[in-house]
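First to last, the protein sequences are chains A and B.
The first sequence runs 1 to 436 under our numbering.
The second sequence runs 1001 to 1168 under our numbering.
Just so it is clear, CB atoms sit at the ideal spot from N, CA and C, and this is done for glycine as well.
Quick caveat, the model's predicted, so the values are computed rather than measured.
Scroll down for the structure; my scribbles are underneath it.
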Amino acid sequence: MSHVDDGQLHAYLDGAYPPGDEQGERIASHLGSCVDCRVRLEDARGLREKVGLVMRHAAPAALEPPTFDAILERARAARERGVPGPGTSARPAGDAHGAPRRWRRMPLAWAASLMMALAAGWLASDLFRRYDAESARAPAALDEAEAALDEVRGAAPADALRSTRDEMTASGTEAVDAGAARLRSGDGRGGVQGGRAAGARSAVAAPPPTASLPATGAVAGEPPPVAQSAAKAADDLQRQIDPGVAGRADVANLQFRVGAAAETAPVVPLYLVGDSADLDAAALDWAVTLSENVAAATAEDRWVAVSDEEAERRLGVTPASLPNATRRSFEIAGPENEPILRAVYDLADGRTAELIQRPAPAPTLADAAMAFERREQRAPERALVSPGAPAAPVRARLATLFRERSAVAVQRPRLWIVLAAPLPAAELAALAERIR
Amino acid sequence: MSVDWAEVYRTTYRDVVRYLYRKVWDEDRAQDLAQEVFVRVLDDAPDNPRAWLFTVAANLARDEARTVIRRKKHLTLIKAETEEAAPASDPIETLDLEAKRNDARRALDELSERDREVLLLWDAGLSYTEIAERTGLAAGAIGTTLSRARRRLVEAFDALEEKHVARG
């Protein structure tokens, strides 16, 4: 058959063709043999994801519906007052325009619709009511959850998405799994719960270290070089955002969102997601880098068991620990100035949780100023759909990682943490809160 | 055929609020209208309750829009600028969110009525068949409409974001 047109592609993507549908089968068969159309399908998927992102910006805050009894009560009250109540919903929509009420069975619905648009405005087609019951789509919660996943996955270009997904699956996930299987036992003592209160300065959220951001590549304990201009920018920034500095740190400290299939899947991934798109993208970069480092260290079998004291010395800060869980192993890998710490905990029911940590550069106002500048310069949302942008594959890889391993990223002053455990979202979130 | 409205309410209320919010751009009003929708359909027994809800919702939103245009357009706009911001602890975050929300709203507003409606209904969870029934479009035209609507929405949103970046 000839290529699939955009409408068919989107319909196919949206699951509009029921199983066995002739048209749907034809499209599936064509997609099986046409690389171009498969790429277009992925592009359409990316577009749909981006739309989800935009639509979520235009959404009301999460809300608790009133009880259904309250609705019944309202209906009763309406009846008593004699105002429009139950049963008045069938009021014809187009009455104000004098449009006839039942055009629904016109043979050419689009033509009718066009006429309506000319005559009475398109909304008047509301009067085409009544339906054939059709299979309802997935519940809203699932959509929302999937949208959250979409946000992380971003609208990565089709090719990048495919290749990085494979790559990540091969390197990150399996390597980490393999590492977990080769655990040496640690010293068994519980880690010291890091409770150091950060000063006002260190409470400023620092951008995570990434290769592209030289200022944040500094080793923990060494303050990054502060250029005069940066210092000035920091002061300016301080003046601008002074009341919000502490709040910003709070936002950065723990940013996660329930991932795919919240209602149905037994294991729910959590993603590092920030309301600040820049922080989000940078943090994702960091989390991917961290997981890659873990994978590399695991592949080379460079993990060595360490004591709490040694871990704290190497990390430069008291490591985070998982409260109320037995630590099975406590290992470190990486060069002296770039340590990665990995702890495996036994959870109550025989499952294990993995805590991966590495030091973050000491946050400074200069860091904050640079993060602020980057955010002004970059349009992270656009990066999601720009084929050349690094953010998209990074996000795709992290999405894969977090999809296949239930994980949450936590940021503490001077410490980056990834917690991975086969737990439902709520439990994982609760654990993350305790770590924080 | 009777309808278990309590169950429909449980599963659909949020979708209806979201749908209405994108028409009236006021959270409280959207919730109030959504509840009104359920009040009005209680005695109805449509074949497809979900889709019927959105028809009633569209009617209420349209009536609402007329009222707003007549009476309080100015007030509503001001409200949209100042009161819809999500509570955020950080003024920069708040500004970001507000800017994005406004961009998303403007991008949606730039769509044609038909494209926007199909997009909103899809986002509210209706199937192609349901969207076709509610809008009067041919079932085969939903995919085409939706693909165009999606493309235009993203283009419009990106263009607005681009402007912000250009302005620095």
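- Residue burial is scored here from C-beta neighbours: B/LEU1095 has fewer than 16 other C-beta atoms within 10 angstroms and is therefore classed as exposed.
- The Cβ atoms of B/LEU1121 and B/ILE1131 sit closer than 7 Å to each other.
- Residues of the stretch 1008–1023 of chain B with a Cβ closer than 8 Å to any Cβ of chain A, in chain order: TYR1009, ARG1010, THR1011, THR1012, TYR1013, ARG1014, ASP1015, VAL1017, ARG1018, TYR1021, ARG1022.
- Residue-level contact by beta carbon holds for A/ILE71 and chain B, with a gap shorter than 7 Å.
- Closest option to A/ASP346, judged by alpha-carbon separation, among A/GLU64, A/ALA59, A/LEU31, A/SER321: A/SER321.
- Residues of the stretch 311–335 of chain A with a Cβ closer than 9 Å to any Cβ of chain B: none.
- In the three-state DSSP reduction, A/ARG351 falls in the coil class, being neither helix nor strand.
- In the three-state scheme derived from DSSP, where H, G and I count as helix and E and B as strand, A/ALA44 is classed as helix.
- Per DSSP, reduced to three states, the secondary structure at B/PRO1049 is helical.
- For B/ASP1043, there is no enclosing beta strand (DSSP E), as DSSP marks it with neither H nor E.
- Runs of the alpha helix (DSSP H) lying entirely within the stretch 1092–1163 of chain B and spanning at least 4 residues, in chain order: 1113–1123, 1128–1135.
- Taking 8 Å as the upper bound for CB-CB distance, B/VAL1024 and B/ALA1061 are in contact here, some 6 Å apart.
- Note on geometry: alpha-carbon atoms of B/THR1144 and B/TYR1019 lie some 21 Å from one another.
- Sorting B/LEU1053, B/ARG1101, B/GLU1036, B/TYR1013 by C-alpha distance to the C-alpha of A/PRO65 places B/TYR1013 at the top.
- Restricting attention to A/ALA421, A/ALA61, A/LEU419, the CA atom closest to the CA of B/ASP1026 is found in A/ALA61.
- Rounded to the nearest angstrom, the Cβ distance from B/GLN1031 to A/ARG74 is 12 Å, too far for a contact under 8 Å.
- Closer than 8 Å at the C-beta level to chain A, one finds these residues of the stretch 1094–1123 of chain B: ASP1096, LEU1097, LYS1100, ARG1101, ASP1103, ALA1104, ARG1105, ALA1107, LEU1108, SER1112, GLU1113, ARG1114, GLU1117, LEU1119, TRP1122, ASP1123.
- For B/SER1147, the closest Cβ of chain A is nearer than 7 Å.
- Neighbours of B/ALA1030 in chain A, taken as residues at a C-beta separation under 7 Å, are given in chain order as PRO60.
- Annotation: the continuous beta strand (DSSP E) that includes A/THR326 extends over 326–333.
- By the Cβ rule, the stretch 6–24 of chain A counts as touching the stretch 1135–1150 of chain B, because three or more pairs are nearer than 8 Å.
- Residue pairing of B/ALA1057 in beta bridges, as defined by DSSP: absent, with no partner found.
- At the C-beta level, B/TYR1128 and A/ALA44 stay beyond 7 Å of one another.
- In this structure A/GLU49 is buried. Its beta-carbon is surrounded by 16 or more other beta-carbon atoms within 10 angstroms.
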